[in-house]
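Protein chains in written order, with this note's numbering: chain A, 1 to 152; chain B, 153 to 304; chain C, 305 to 456.
Don't be surprised by glycine CBs; every beta carbon is placed ideally from N, CA and C.
Since the model is a prediction, treat every value here as computed from it, not as a measurement.
Worksheet for the structure shown next.
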Amino acid sequence: MYQEKNIGIREVTFGSNVIIMQPCNLYECELGDDVFVGPFVEIQQGVVIGDRTKVQSHSFVCELVTIGDDCFIGHGVMFINDTFSEGGPAGGDRMKWKATRIGNHVSIGSNVTILPVQIADRVVIGAGSVVTKDISEAGVYAGNPAKKIRDL
Amino acid sequence: MYQEKNIGIREVTFGSNVIIMQPCNLYECELGDDVFVGPFVEIQQGVVIGDRTKVQSHSFVCELVTIGDDCFIGHGVMFINDTFSEGGPAGGDRMKWKATRIGNHVSIGSNVTILPVQIADRVVIGAGSVVTKDISEAGVYAGNPAKKIRDL
Amino acid sequence: MYQEKNIGIREVTFGSNVIIMQPCNLYECELGDDVFVGPFVEIQQGVVIGDRTKVQSHSFVCELVTIGDDCFIGHGVMFINDTFSEGGPAGGDRMKWKATRIGNHVSIGSNVTILPVQIADRVVIGAGSVVTKDISEAGVYAGNPAKKIRDL
Chain A
1 MYQEKNIGIR EVTFGSNVII MQPCNLYECE LGDDVFVGPF VEIQQGVVIG DRTKVQSHSF
61 VCELVTIGDD CFIGHGVMFI NDTFSEGGPA GGDRMKWKAT RIGNHVSIGS NVTILPVQIA
121 DRVVIGAGSV VTKDISEAGV YAGNPAKKIR DL
Chain B
153 MYQEKNIGIR EVTFGSNVII MQPCNLYECE LGDDVFVGPF VEIQQGVVIG DRTKVQSHSF
213 VCELVTIGDD CFIGHGVMFI NDTFSEGGPA GGDRMKWKAT RIGNHVSIGS NVTILPVQIA
273 DRVVIGAGSV VTKDISEAGV YAGNPAKKIR DL
Chain C
305 MYQEKNIGIR EVTFGSNVII MQPCNLYECE LGDDVFVGPF VEIQQGVVIG DRTKVQSHSF
365 VCELVTIGDD CFIGHGVMFI NDTFSEGGPA GGDRMKWKAT RIGNHVSIGS NVTILPVQIA
425 DRVVIGAGSV VTKDISEAGV YAGNPAKKIR DL
């Protein structure tokens, strides 16, 4: 016995000229002007995405994530709000979740994993990286864990 | 000339209170009570998933994988049954595939890749890791290849 | 205000006996004989995929990628044509994009990320790797960045 849910696009707040590729799973989030969302993307409730930001195919943007203007979220990028801090998933206990805030003009490469962090403006994250710590300085970061590899 | 197949949910055995998000591609597998399956998930034939286990969005669970109770499979997790042991894919030759068995209370972070292995109970795998060897002891593991980083 | 696009399969050139799993997002590309495309796959315009090659679930094959015959593209593999070479995405400026050419009999493991490179015939890329440089010699490569780990 099972229940099947097909959300698609539900209670999303849109700016102007937003383009959404289907299939998607977007709910109770806020997308700014000229945002692009590729296919096979999930964006959860409470997420805010700034103007002209693109979220490419196969990416997952979870609750408690805020993304600025003019950002590029590559393909297969996974955001995380639960760090299993007590040895396992927090489940429904949102008090144990942590937020992520991405600045403006941030470009995140494909297959990147983003633990709950703050990322400053004008940052590039190389493809395949795992971001485990806050990034407070503009520049290019890469690796697992991601470290600064050069200035922009 | 091509043939298009749309499986969706086909010949799946469900426990009680299972929730499945669409779109999905699930066939000839067995899901226990209170299992949750996120959107954009494929679960192949013969897979058995225990009670209260959650399989999050964008994950792929292949043939020959068994997952215990109370597990959390993060977003974008890829299981593997073919290690290209003879320099390339085994193709349809299942004799060359290898099985994966995940214990109970195992939490696997997002974008993790799981080669064919056995994982004991009460294990946490950090996001972005690549698990290449059996894990026989409870604890927290991370990296590529994944190594124990601390006790639970 | 938003525009929703549902491409599915549009203006694709097919060889014989191609199998496509839905849902997919394939447009203006060319697939050879006996090609298999798994679910949740995007293949963009101009891509050419050779005979008997399989593209598994959750993979993304971008513009300017050419894949030979008898290849295996694992699950969650992401190709890239924009290296953010000037500190951010090239946007619509295709002059800044770079091409990828994959030879014949190349097997790419799951969750691999492929920067714009040339890969020779008879190469295996281990799961979870990040390929950042050309591979001109047959063999098995793995890691981030991917390095040769043994002969085939």
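Chain B contacts from the stretch 104-115 of chain A (Cβ-Cβ distance under 9 Å): Asn111, Val112, Thr113, Ile114 and Leu115
Can B:Ile171 and A:Tyr2 be called in contact, C-beta distance under 9 Å? yes
What are the residues in the stretch 228-247 of chain B lying within 7 Å of chain C by C-beta distance? Gly228, Met230, Ile232, Phe236, Gly239, Gly240 and Pro241
Give a yes or no on whether 9 Å exceeds the smallest Cβ distance from A:Val124 to chain C. Closer than 9 Å to some Cβ of chain C, the Cβ of A:Val124 qualifies, so yes.
Cβ contact check for the stretch 160-175 of chain B and the stretch 125-142 of chain A: 3 or more pairs under 8 Å: no
If you draw a straight line from the C-alpha of A:Glu30 to the C-alpha of B:Gly160, how long is it? 29 Å
Taking only beta-carbon positions, decide if C:Met325 is within less than 9 Å of chain A. no
Can you tell me which of A:Phe79, A:Ala90, A:Phe84 and A:Arg150 puts its alpha carbon nearest to the alpha carbon of A:Gln118? A:Phe79
Assuming C:Gly378 and C:Ile412 make a contact with CB atoms under 8 Å, what is their CB distance in whole Å? 5 Å
Let me confirm a value: B:Ala279 is counted as buried when at least 16 other C-beta atoms fall within 10 Å, else exposed. Which label applies? buried
Express the C-alpha separation of B:Pro297 and C:Val339 in angstroms, rounding to a whole number. 32 Å
Counting only C-beta atoms, is B:Lys285 closer than 9 Å to chain C at any point? no
Kindly identify the DSSP beta-bridge partner or partners of B:Phe212. B:Glu194 and B:Met230
Contact criterion: CB-CB distance below 9 Å. Does C:Tyr445 meet it with respect to chain A? At a cut-off of 9 Å between beta-carbon atoms, C:Tyr445 makes no contact with chain A.
For chain A, find out if any of its Cβ atoms is closer than 9 Å to the Cβ of C:Lys402; answer yes or no. no
Beta strand (DSSP E) segment containing B:Ala294, residue limits: Gly291 to Ala294
Quick check: the Cα distance between B:Lys248 and B:Val217, rounded to an integer number of angstroms? 15 Å
Along chain C, in chain order, which residues have C-beta atoms closer than 8 Å to that of B:Val217? The contacting residues do not exist; B:Val217 stays about 13 Å from chain C at best.
Assuming the contact rule is C-beta atoms closer than 8 Å, B:Cys223 and B:Asn256 should be a hit. Round their C-beta distance to whole Å, please. Approximately 7 Å separates the beta-carbon atoms of B:Cys223 and B:Asn256; this is inside 8 Å, confirming the contact.
Among C:Ile406, C:Pro420, C:Lys309 and C:Gly396, whose alpha-carbon lies nearest the alpha-carbon of C:Ile353? C:Ile406
Partner residues on chain C for B:Phe192, Cβ-Cβ distance less than 8 Å: Phe344 and His362
Any chain A beta carbon closer than 9 Å to C:Gln422: For C:Gln422, no Cβ of chain A is located within less than 9 Å of the residue's own Cβ.
Amino acids of chain B, ordered along the chain, whose beta-carbon sits closer than 7 Å to that of C:Val359: Residues of chain B passing the Cβ test: none, with the nearest at roughly 12 Å.
Using a C-beta to C-beta distance shorter than 7 Å, which residues of chain B count as neighbours of C:Ser320? Met153
Who are the neighbours of A:Lys5 on chain B, taking C-beta pairs under 8 Å? From the beta-carbon of A:Lys5, the residues of chain B found nearer than 8 Å are Ile171, Ile172, Met173 and Gln174.
For chain A, is any of its Cβ atoms less than 9 Å away from the one on B:Asn296? yes
Start and end residues, beta strand (DSSP E) containing C:Ile429: Val427 to Ile429
I want to see whether chain A comes within less than 9 Å of B:Gly184, judged by CB atoms only; does it? no
How long is the line joining the alpha carbons of C:Ser414 and C:Gly342, rounded to whole angstroms? Taking the straight line from one Cα to the other gives about 13 Å.
Please confirm whether A:Ile9 has its beta-carbon closer than 9 Å to some beta-carbon of chain C. Judged by the 9 Å Cβ criterion, A:Ile9 is in contact with chain C.
How would you label C:Ile418, buried or exposed, when you count the other beta carbons within 10 angstroms and need 16 or more for buried? buried
Extent of the continuous beta strand (DSSP E) to which A:Ile67 belongs: Val65 to Ile67
Could you check whether the Cβ of C:Gly432 sits closer than 9 Å to any Cβ belonging to chain B? So, interface residue.
Quick check on the burial criterion: 16 or more other C-beta atoms within 10 angstroms. Buried or exposed for A:Arg150? Classified as exposed, A:Arg150 has fewer than 16 neighbouring CB atoms from the shown chains inside 10 Å of its CB.
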